[in-house]
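Enquirer:
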C-alpha cells in the first residue's frame, strides 16, 4: 500500500489503497484538488485528504467512476464537497450498497470487516448523465459517462493537459477484467472502442500501474469471446 501521493503526470497523482492496488486519484492545480475514487475506508481517505490539504490544496469535488465498494465506501471522509457519479452508479449504490457491505464482510480481514461494518454508505449527490467539464485550477477535466459496461454505470475522467484518462475498472493492469452480475460485456466492448478513439495516451486504471492503449487490446481479446 502507498501512504503517499505518487506522480503520474503533471497535475495527476495516485494513492494506492491496499485492496487489490486500487488507485485513488488526485487532480490538482492552482490550489484546487479533485479526488477520483476516494477508496475503501473513510480512515484511509482521511489520510489521503490530510496529505492533499497539508500542501495547501483544497478538495473542491469528488468523482466516483463506478459503484463498487473499493472505490466509493470511503465517501464519508469527503462528504462536505460535491460528489459526482453516473446516474446508474448512484442508483446501484442506493439499492445495493448494503448488500455490497455484507459481501465484503464475508472475505475481509477482521480489522477491515469492523471498519466496513461501522461506516456510513454515502450516496453521490450529483448525477453525470452527459459529458461534463469541470475546472480544477486552470485544468479542464472532462467527465464522460459510459456503460453499462463493467457495471451498470461507468464514468471516465479525461485530463487532456496531462495526457491522462482515469479509466476506473474499465481498464486494469493489476489483474484481468473483472465481471459480475452487473456487467454488460457488449457494452464494455463498446466502451473500450470509445476509449481507444477518445482517451488520452496514458491510461490510469482502477487497479495497477498506468498503461497505454495496448491494455485496451488485451481486454478486448479477453472479453470478445464472452460476448458471443
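In the numbering used here, the protein residues as written are 353 to 580.
All residues carry an ideal CB built from backbone N, CA and C; glycine is no exception.
Given the structure is predicted, the values throughout are model-derived calculations rather than measurements.
Compute the Euclidean distance between the alpha carbons of residue 403 and residue 561, then round it to the nearest angstrom.
Expert: For this step, residue 403 is matched to residue 51 along the chain shown. For this step, residue 561 is matched to residue 209 along the chain shown. Answer to the nearest angstrom: the Cα atoms are 21 Å apart.
Enquirer: Which one of 530, 517, 448, 534 has the shortest CA to CA distance from residue 548?
Expert: The sequence position of residue 548 within the chain shown is 196, counting from 1. Of 530, 517, 448, 534, the residue nearest in Cα terms is 517.
Enquirer: Tell me, please, whether the segment 499–510 touches the segment 440–458 by the rule of three or more beta-carbon pairs shorter than 8 Å.
Expert: Judged by Cβ distances under 8 Å, the segment 499–510 makes contact with the segment 440–458, as three or more pairs qualify.
Enquirer: Would DSSP call residue 517 helix, strand or coil?
Expert: If you number the chain shown from 1, residue 517 lands on position 165. Looking at residue 517 - three-state DSSP - the assignment turns out to be strand.
Enquirer: Between which residues of its own chain and residue 537 is the CB-CB distance below 8 Å, once the five residues before and five after are set aside?
Expert: Taking the first residue of the chain shown as 1, we reach residue 537 at position 185. Around residue 537: 531, 575, 578, 579.
Enquirer: For residue 430, tell me which candidate among 400, 408, 457 has the shortest Cα-Cα distance.
Expert: Counted from its first residue, the chain shown places residue 430 at position 78. It is 400.
Enquirer: Where DSSP assigns a beta bridge to residue 367, which residues make up the other side?
Expert: As a working note, residue 367 is residue 15 in the chain shown. DSSP, once it has assigned bridges, lists 376 as partnering residue 367.
Enquirer: May I ask which residues mark the beginning and end of the beta strand (DSSP E) holding residue 510?
Expert: Here residue 510 is taken as the residue at index 158 of the chain shown, counted from 1. Residues 506–511.
Enquirer: Hey, residue 556 and residue 488 are a contact pair by Cβ (cut 8 Å); roughly how many whole angstroms apart?
Expert: In the chain shown, counting from the first residue as 1, residue 556 sits at position 204. In the chain shown, counting from the first residue as 1, residue 488 sits at position 136. Not quite, the Cβ-Cβ distance comes to about 15 Å (not below 8 Å), so this is no contact.
Enquirer: Determine the extent of the alpha helix (DSSP H) in which residue 451 is found, giving its start and end residues.
Expert: For the purposes of this step, residue 451 is taken as residue 99 along the chain shown, with counting starting at 1. Element bounds for residue 451: 439–457.
Enquirer: So, at 8 Å on beta carbons, what are the nonlocal neighbours of residue 573 in its own chain, with the 5 sequence-adjacent residues on each side left out?
Expert: Within the chain shown, the letter at position 221 stands for residue 573. Contacts found: none.
Enquirer: Comparing alpha-carbon positions, which option in 479, 533, 520 lies nearest residue 543?
Expert: Translated into positions along the chain shown, residue 543 becomes position 191. It is 520 whose Cα lies nearest to the Cα of residue 543.
Enquirer: Which value, in whole angstroms, describes the spacing of the CA atoms of residue 464 and residue 416?
Expert: To locate residue 464, count along the chain shown from 1; it is residue 112. To locate residue 416, count along the chain shown from 1; it is residue 64. Approximately 21 Å, taken between the alpha carbons.
Enquirer: Closer than 6 Å by C-beta to residue 512: which residues in its own chain qualify, once you throw out the five before and the five after it? Chain order, please.
Expert: The sequence position of residue 512 within the chain shown is 160, counting from 1. Taken in chain order, the list of residues that qualify is empty.
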